[in-house]
Amino acid sequence: MMPIAGSVALNLAFGFAILSFFVLSFYLRTKSVVYYHVGRRLAISVSVLSIIATVILLNELLISNFDIDYVAHYTSLETPFIYKITAVWAGQAGSLLFWLFILSLYSIVAIVQNAKKLQQMMPWVILVLVFVQLFFLTMTNFITNPFEPTTANFVVANGNGLNPLLQNATMAIHPPMLYLGYIGFTIPFAFAIAALILGDSSSLWIRTIRRWTLVSWLFLSAGVILGGWWAYEELGWGGYWAWDPVENASFMPWLTSTAFIHSIMIQEKKNMLKIWNMILIILTFTLVIFGTFMTRSGIMSSVHAFAESSLGPLFLGFVFLILVGSTALVLYRRSTFKADRRMESFSSRESGFLFNNVIFIVICFTVFWGTIFPVLSEAVRGTKITVGPPFFNQINIPIGLLLLLLTGVGPLLAWRRTSKAGFLKNFTIPILLAVVGGLVIWTFGLKGYVLIAGVLIIFVTAAIIEEFARGISARMRRFEESILIAFTRMVRKNRSRYGGYIVHMGIVFIFVGFTGKAFDLEKEVGLHVGESDHIGKYNFELKNIRDSERPNHFAWISDVRITDRDGKFITNLHPEKRVYFHRHPNPDRRQPHSELDIYSTINQDIYSVFTGVDSEQGIAYLKIMINPLVWWVWFGGWVLVAGTLIALWPRKEA
Amino acid sequence: MDLINGLIIIAVFAGTVIYSVQPLIHPVSESIKEQDDDIASLKIRKRILYRAIKELEMDYEVGKFSDDDYNKSRLELKREISEIIVTLRNTKK
């Protein structure tokens with residue numbers, strides 16, 4: 001009954017979306033207001049029906065209705081409750097429905113929020129939103145329906161269960177965050193297209209999309225960081241970023257949206273870069289769809305997989321349509337969106353932002369090229385040429401360091417022009433501190449990128465602290481406030497500015513973490529119980545190997561005691577070797593998995609992986625890594641989130 | 655149970671249909687005032703400019719601007735605000 005209701009909800013939503021599209025188009029021709037209200041209500045109904053369909057799928061997953069193919073594929077009776085929920089987005093059909101679900105939530109908010117505002121623009125905005133929904137409804141109705149009944153000609157007593165790699169708490173939060181970020185960019189895109197059609201570059205809608213973009217950016221940033229966290233805690237290779245296509249798919253829109261967040265400030269304040277901002281928001285949305293296409297079409301594993309499914313070509317067609325349509329609109333409106341004034345000086349904040357935009361786009365292009373090159377090489381020459389992390393690192397590390405420099409330079413520059421006196425006043429202390437810090441780092445024998453990164457980290461930190469200090473001291477002088485009150489009021493009255501600086505500080509912390517990568521240590525050993533080995537300044541001893549049978553897996557647990565070279569106790573680690581679906585009669589269906597254990601401190605992580613076990617001989621095969629400064633990556637992520645929340649916090653309007 | 659579920663689902667689906675076509679049955683009288691958007695936009699621009707002046711003053715106090723640049727920028731912002739105020743006043747009339 002319920003699966004049929006889910007399918008009907010999707011069918012109805014599809015029909016309503018088509019109706020809404022035509023009714024709104026009719027309103028735009030006739031300007032008969034009744035059609036606008038019908039079209040608008042139809043659009044809300046599309047969203048409501050899509051949400052209902054998602055809730056029905058969730059219900060079916062929770063009650064383990066294995067008559068539905070999707071449920072049988074991604075859950076089993078043993079799957080814990082929380083992972084039955086996460087199974088909504090674990091597979092292709094479910095994740096596309098989840099896309100639609102988030103888009104529907106956002107659409108309802110955008111439509112209701114602007115019911116009395118932006119009256120010229122809203123019909124077009126709704127039209128664009130419905131158009132995007134229509135695309136995903138086509139997918140979920142006709143290409144990959146999550147309510148498809150099972151094809152098995154017997155009663156399915158139990159399902160396959162969720163991939164063990166996805167049975168991780170971070171994985172329960174990471175995809176929704178990423179989706180909330182990804183899909184949120186549809187709203188600014190819809191406004192941008194509406195503005196291009198109407199030739200409207202007014203402040204009203206720019207303000208609306210700035211908030212939407214910041215919210216989406218916040219979720220996307222959190223999603224990207226959580227993705228890194230998941231990779232670090234779950235995959236067992238000791239790193240958090242491997243430049244794989246899925247990671248890159250989330251990173252590219254992050255880059256363009258970050259560029260947009262900076263350059264939209266110039267449009268707001270100076271009425272400049274209007275066309276450029278349009279291009280950035282269109283590019284961001286296109287990369288969002290392209291990213292979904294990359295991860296869902298199977299093209300990254302093989303071009304042939306892409307050709308076998310109709311999903312890939314449809315996605316590619318949609319990307320092409322967005323690009324062609326948007327480009328045509330941008331070209332058509334280029335004179336309307338011409339800047340009101342020109343950049344006055346190279347030493348202005350405007351030019352700093354512009355330069356940072358260029359760097360973001362260069363990094364984005366590099367990542368894009370490195371990501372699609374294997375696909376292109378396979379399509380053109382028949383052989384897949386893999387582009388690995390060395391390519392991405394070689395290009396992006398120096399550019400990234402340049403970006404880090406701008407993170408510090410930008411806040412020190414003034415709008416319009418930085419005077420010579422102002423330049424000397426603001427740059428002297430950070431430069432001096434960076435030089436002194438650089439000399440200290442150099443005396444420790446550190447060179448190359450580590451030295452440069454160290455110098456830049458000091459420079460940017462000093463620049464940001466100086467900005468806070470000068471602001472506080474100005475308030476203390478002017479209003480005779482105490483330091484604490486001056487700080488609080490300054491941040492409260494300039495949330496976007498100081499929130500932005502805190503975000504910059506988060507980026508600095510993340511770079512501190514990146515720098516630690518240069519000092520990673522790794523050792524793989526096989527140990528009998530009671531044997532020990534060492535890595536860096538630590539000894540590790542295998543104290544015991546235990547086993548445990550749990551509801552959905554069997555586990556061998558190794559107890560590893562870590563001490564320093566003087567024998568001082570540091571910690572006990574308990575990495576596990578698990579076998580999921582261990583009761584499955586077919587041994588090929590049983591899935592081995594290494595559940596690692598990490599001892600994390602500000603200085604370094606001691607990272608342990610139980611790679612294999614020889615239970616007859618009593619040998620545990622372990623990989624132990626010393627990963628310096630990784631903690632700072634996650635801490636930087638939290639600081640970045642906190643800064644964005646401060647920037648987003650609504651202010652009382654006068 | 656299935657019957658109750660079925661009835662609920664039918665009611666929900668029917669509800670979306672009724673909600674969507676309601677303006678055809680009971681036409682909404684309110685019109686779409688394009689001028690409202692322009693006024694709201696000007697008001698927001700005015701707010702942005704006032705904030706820009708405050709930021710400018712702050713930047714000046716922390717020594718980012720020369721006297722000349724500060725005065726010039728402040729004057730430009732004030733001029734734009736005055737223009738907006740005049741436009742808003744004329745619109746009200």
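Chain order of the listed sequences is A and B. The working numbering applies: residue 1 is where the first sequence begins, and numbers increase by one. The working numbering applies: residue 655 is where the second sequence begins, and numbers increase by one. Think of the CB as a built atom: it goes at the ideal place given N, C-alpha and C, for glycine as much as any other residue. These numbers were taken from a predicted model, which means no experiment stands behind them.
Query - Proximal residues, the region 44-61 of chain A versus chain B, C-beta separation under 7 Å - result: Residues 45, 48, 49, 52.
Query raised in the report: How would you write the range of the alpha helix (DSSP H) that residue 513 of chain A sits in, first residue to last?
Result: It spans 495-516 - the alpha helix (DSSP H) in which residue 513 of chain A sits, taken as one unbroken run.
Query raised in the report: Shorter than 8 Å from the beta carbon of residue 407 of chain A to some beta carbon of chain B?
Result: So no, residue 407 of chain A is outside the interface.
Query raised in the report: Hey, does residue 267 of chain A have any beta-carbon neighbour from chain B nearer than 8 Å?
Result: Taking Cβ atoms only, chain B never reaches closer than 8 Å to residue 267 of chain A, which makes this a no.
Query raised in the report: Does the beta carbon of residue 547 of chain A come closer than 8 Å to any beta carbon on chain B?
Result: Using a CB distance cut-off of 8 Å, residue 547 of chain A does not count as an interface residue toward chain B.
Requested in this report: Given a cut-off of 8 Å, decide if residue 605 of chain A and residue 631 of chain A are closer than it, judged by their beta-carbon atoms.
Outcome: Yes. Within cutoff.
Report task. Measure the C-alpha to C-alpha separation of residue 38 of chain A and residue 677 of chain B and round it to an integer number of angstroms. Result -> Here the alpha carbons of residue 677 of chain B and residue 38 of chain A stand approximately 6 Å from one another.
Query raised in the report: Just the Cα atoms here: how many angstroms apart are residue 143 of chain A and residue 671 of chain B?
Result: The C-alpha of residue 143 of chain A lies about 26 Å from the C-alpha of residue 671 of chain B.
Report task. Could you check the C-alpha separation between residue 474 of chain A and residue 349 of chain A for me, to the nearest Å? Result -> Our two residues, residue 474 of chain A and residue 349 of chain A, have alpha carbons roughly 21 Å apart in a direct line.
Query raised in the report: DSSP on residue 654 of chain A, reduced to helix/strand/coil?
Result: Unreliable placement is indicated for residue 654 of chain A, whose pLDDT of 48 sits below 50; the coordinate value is still reported in the next sentence. When DSSP states are grouped into helix, strand and coil, residue 654 of chain A belongs to the coil group.
Requested in this report: Could you tell me whether the region 536-552 of chain A touches the region 480-495 of chain A, using the rule of 3 or more Cβ pairs below 8 Å?
Outcome: For the pair of segments examined, the region 536-552 of chain A was found not to touch the region 480-495 of chain A: the number of CB pairs separated by less than 8 Å stays below three.
Requested in this report: Using alpha carbons as the reference points, say which of A:292, A:342, A:479 lies closest to residue 269 of chain A.
Outcome: That would be A:342, whose Cα lies nearest to the Cα of residue 269 of chain A.
Requested in this report: Return the bridge partner residues of residue 390 of chain A from the DSSP annotation.
Outcome: Looking at the DSSP assignment, residue 390 of chain A forms no beta bridge with any residue, so it has no partner.
Query raised in the report: Counting only beta-carbon atoms, is residue 665 of chain B nearer than 8 Å to chain A?
Result: At a cut-off of 8 Å between C-beta atoms, residue 665 of chain B does not count as an interface residue with respect to chain A.
Query raised in the report: What is the rounded straight-line gap between the Cα of residue 58 of chain A and the Cα of residue 517 of chain A?
Result: The alpha-carbon atoms of residue 58 of chain A and residue 517 of chain A are separated by roughly 40 Å.
Query raised in the report: Where residue 645 of chain A and residue 498 of chain A are concerned, what is the direct C-alpha to C-alpha distance, given to the nearest angstrom?
Result: C-alpha separation (whole angstroms): 11 Å.
Query raised in the report: Who are the neighbours of residue 718 of chain B on chain A, taking C-beta pairs under 7 Å?
Result: Annotation: Cβ neighbours of residue 718 of chain B in chain A (cutoff 7 Å, chain order): 414, 418, 422, 426.
Query - Exposure of residue 178 of chain A, with buried meaning 16 or more beta-carbon neighbours within 10 Å - result: Looking at its Cβ environment, which holds 16 or more other Cβ atoms inside 10 Å, residue 178 of chain A is buried.
Report task. Within the same chain, show all residues whose beta-carbon is closer than 8 Å to that of residue 467 of chain A, passing over the 5 residues directly before and after it, in chain order. Result -> Within the same chain, residue 467 of chain A has close Cβ partners 411, 412, 501.
Requested in this report: Just the C-alpha distance for residue 384 of chain A and residue 373 of chain A, rounded to the nearest angstrom, thanks.
Outcome: C-alpha separation (whole angstroms): 9 Å.
Query raised in the report: On the premise that residue 278 of chain A lies in contact with residue 319 of chain A, defined as a C-beta separation below 8 Å, what is that separation, rounded to the nearest angstrom?
Result: Their Cβ separation, rounded to whole angstroms, is 18 Å, which puts residue 319 of chain A and residue 278 of chain A out of contact at 8 Å.
Query raised in the report: Taking contact to mean at least 3 C-beta pairs separated by less than 8 Å, is the region 237-256 of chain A in contact with the region 361-370 of chain A?
Result: Using a C-beta cut-off of 8 Å, the region 237-256 of chain A makes contact with the region 361-370 of chain A, since at least three inter-stretch Cβ pairs fall below that distance.
**Report entry** residue 265 of chain A, enclosing alpha helix (DSSP H) - first and last residue
**Finding:** Note, residue 265 of chain A: alpha helix (DSSP H), 245-270.
Requested in this report: Identify which residue in A:381, A:536, A:162, A:587 has its Cα closest to the Cα of residue 564 of chain A.
Outcome: Closest in C-alpha terms to residue 564 of chain A, from the list A:381, A:536, A:162, A:587, comes A:536.
Query raised in the report: If you drop the 5 nearest sequence neighbours on each side, which residues of the same chain put their C-beta closer than 7 Å to that of residue 91 of chain A?
Result: Counting only Cβ-Cβ distances below 7 Å, and skipping sequence neighbours, we find 70, 73, 74.
Query raised in the report: Taking only beta-carbon atoms, is residue 748 of chain B less than 8 Å away from chain A?
Result: Nothing can be reported for residue 748 of chain B, as the shown portion of chain B is limited to 655 through 747.
**Report entry** Exposure label - residue 133 of chain A; buried when at least 16 CB within 10 Å
**Finding:** Answer is buried; the Cβ neighbour count reaches 16.
Query raised in the report: Straight-line CA distance for residue 430 of chain A to residue 339 of chain A?
Result: Between the C-alpha atoms of residue 430 of chain A and residue 339 of chain A there is a straight-line separation of about 34 Å.
Query raised in the report: Taking only beta-carbon atoms, is residue 117 of chain A less than 8 Å away from chain B?
Result: Yes - at least one Cβ of chain B is within 8 Å of the one on residue 117 of chain A.
Query raised in the report: To the nearest whole angstrom, what separates the beta carbons of residue 203 of chain A and residue 702 of chain B, a pair I think is in contact under 8 Å?
Result: Yes, residue 203 of chain A and residue 702 of chain B are in contact; Cβ-Cβ is about 6 Å, under 8 Å.
Query - Continuous alpha helix (DSSP H) assignments of at least 4 residues falling wholly in the region 54-80 of chain A - result: Counting only unbroken stretches of 4 or more residues, the alpha helix (DSSP H) elements lying wholly within the region 54-80 of chain A are 69-74, in sequence order.
Query raised in the report: With a CB to CB cut of under 6 Å and the five nearest residues on each side skipped, what residues in its chain are close to residue 405 of chain A?
Result: Around residue 405 of chain A: 456.
Query - residue 554 of chain A - partner residues in DSSP beta bridges - result: Partner(s): A:549, A:579.
Requested in this report: Identify whether residue 644 of chain A lies in helix, strand or coil by the three-state DSSP scheme.
Outcome: Three-state result, residue 644 of chain A: helix.
Query raised in the report: Does any CB atom of chain A fall closer than 8 Å to the CB of residue 695 of chain B?
Result: For residue 695 of chain B, the nearest beta carbon of chain A is closer than 8 Å to its own beta carbon.
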